[in-house]
Structures are given as structure tokens and as C-alpha cells.
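The listed protein sequences derive, respectively, from chains A and B. All residue numbers for the first sequence refer to our numbering, where the first residue is 1 and numbers rise by one. All residue numbers for the second sequence refer to our numbering, where the first residue is 1001 and numbers rise by one. C-beta atoms are modelled at their ideal positions from N, C-alpha and C, and glycine is treated no differently. Report on the following structure.
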Amino acid sequence: KQEVTQIPAALSVPEGENLVLNCSFTDSAIYNLQWFRQDPGKGLTSLLLIQSSQREQTSGRLNASLDKSSGRSTLYIAASQPGDSATYLCAVYNNAGNMLTFGGGTRLMVKP
Amino acid sequence: AAGVIQSPRHLIKEKRETATLKCYPIPRHDTVYWYQQGPGQDPQFLISFYEKMQSDKGSIPDRFSAQQFSDYHSELNMSSLELGDSALYFCASSLRVGDEQYFGPGTRLTVT
């Protein structure tokens, strides 16, 4: 059974810092990997999707990498802003691509 | 751009009652997924449908059933509701199985 772990569980940084969120998964036979943002009590906003054949994806200040063989992904956020404060969830697609397994999330607080 | 629509957005039911949650996928998306997110937890996969057929099944209680209709909308039926069923229920859709999943805003179910 796939297990997804995110470290750290919570992170508080001053505005302007570059930061890295980590995601690891136990079964490397994944289809894709997706990073989401979730504000308290709200829905899931897709940030980046990395296909299993890709090693990284970039969108604005966000860069996500994927190393399938080691079962790891990182989300890099450059020049963090208070508006980035949210919970960031990593989710992996099973080999058939028809279900997502989520990690426990990293709760990020960016202080002005 | 059209997004995934879920209704109702909020629902309050009493124990042992039934509830029906509806999901309208993005136009041309033929794959629908249901997830449950309990308080303080990460989303858990319940069930998915592709072309109106069940595609995969996760930790969905026997009291729950779901189906996808000819217009590709999906309904999650929940019977004999328990307090522990209180959660955010997300629906997601994708163009094809394995493609990026787009999440709806969720239905917040409260069982009293």
C-alpha cells in the first residue's frame, strides 16, 4: 500500500525566504505526482503536476522536482510571501492513474 | 474556464439519515473521483468512475454508494449517517484516467 510522507509537518519563515518542502513515497511505481495548496477549510488548488517521465516542473516562483527511483519529490518556493501561507499537499497517482494518495501536508506560515 | 461543480456546498444531517452529494465534472471530462477529508486529516480516496463504470475503489464504507450518469455527473449516496462521516467531500475530474485531477470546492457534511 502506497504511503506518502511530508516533512516538515509545519514551517514558519519570515517573508522573502526561499524554502523547500519534502515529500516521500514508498512505492516508486507511480503514474504522476501532483502538488496542491489548501487554505483552511477550503478546497484543493492544483499547483504543479509532474508526469512520471519528467524530473521537474516550474510555475512562477514554484519549482517541483521528482526522483522516482528514490521515492522523493520536493517543492521549492522562491521569495516566499505572506500570501503563500497555507497547507501544501503532495499526492501521488497509483500506477493505473485512477486514484491519488495524499501526504499529511506541510502547514506553511510566512510572516511579514 | 469551467470548473468542477459540487452541490450542495454545505449539508447538515442527523445520525441515521441519508445524504446525496452531487458532482458535475468539467465539460469533456469523463473520469470522476471522490475523496473524503476528515477534520485535520489529508484527503482519502473513496471511489472513481470512468465512462460511467466504476474504475477503482478505496476506503469507502459499505453504507456509501456512488454512480456516474450518462451526462457524466456523479452522485455519492450516504446512508445510516454516523458522526464520523462529518467531513469535507471532494469531487475531482480529469479528461482521461491518469490525467491531472481538478478538484471541486467540496461539500461540507456535518452529522449531528
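Which residues does DSSP pair with B/TYR1024 in a beta bridge?
B/ILE1005
Which chain B residues sit within Cβ distance under 7 Å of A/PHE102?
ASP1042 and PRO1043
Between B/GLN1068 and chain A, is there a C-beta pair that is closer than 8 Å?
no
What residues from chain B crowd round A/ALA96, counting only those whose CB sits closer than 9 Å?
SER1055, ASP1056, VAL1097 and GLY1098
Just the chain A side, please: which residues come within less than 8 Å of B/PRO1105 by C-beta, in chain order?
LYS42 and GLY43
Find the nearest neighbour of B/LEU1095 within the set B/HIS1029, B/ILE1012 and B/PRO1008, judged by alpha-carbon distance.
B/HIS1029
Span separating the alpha-carbon of A/SER69 from that of B/ALA1092
28 Å
Is A/LEU49 close to chain B? Criterion is C-beta to C-beta, closer than 8 Å.
yes
So if DSSP puts B/ILE943 in a beta bridge, which residue, or which two residues, is it bridged to?
Here chain B covers residues 1001 to 1112 and nothing more, so residue 943 of chain B does not appear.
Taking the continuous beta strand (DSSP E) assigned at A/SER69, which residues delimit it?
First-last for A/SER69: undefined, no H or E at that position.
Assess contact between the region 1051-1069 of chain B and the region 1006-1016 of chain B, defined as three or more Cβ pairs (one per stretch) separated by less than 8 Å. Is contact present?
no
When you compare the CB positions of A/LEU66 and A/LEU75, do they come within less than 8 Å of one another, or not?
no
Under a three-way DSSP split, which group does B/PRO1113 fall into?
Nothing about residue 1113 of chain B can be reported from this structure: the residues present for chain B run from 1001 to 1112 only.
Which residue or residues does DSSP assign as beta-bridge partners of A/MET99?
None, per the DSSP bridge assignment.
Is A/TYR93 close to chain B, meaning its C-beta is less than 8 Å from at least one C-beta of that chain?
yes
Which stretch, first to last residue, makes up the beta strand (DSSP E) that contains A/GLN51?
44-51
Considering Cα atoms alone, identify which of A/SER73, A/ALA29, A/GLY71 and A/ALA78 is closest to A/SER59.
A/ALA78
Please determine, among A/GLU3, A/GLN51 and A/SER85, the residue with the shortest C-alpha to C-alpha distance to A/ALA10.
A/SER85
Cβ neighbour criterion (16 or more within 10 Å) applied to A/VAL110
buried
Take B/GLU1014 and list the residues in its own chain whose beta-carbon comes closer than 6 Å to its own, dropping the five residues that flank it on each side.
THR1112
Going by the beta-carbon positions, is the gap between B/LEU1117 and B/ASP1085 smaller than 8 Å?
This structure gives no information on residue 1117 of chain B, because the portion of chain B shown stretches from 1001 to 1112.
Taking the alpha carbon of A/TYR93 as the reference point, which residue from A/ASN32, A/GLY105, A/ALA64 and A/SER28 has its own alpha carbon closest?
A/ASN32
Cutting at 7 Å between CB atoms, please list the residues of its own chain near A/GLN81, excluding the five before and the five after it.
GLU15 and VAL110
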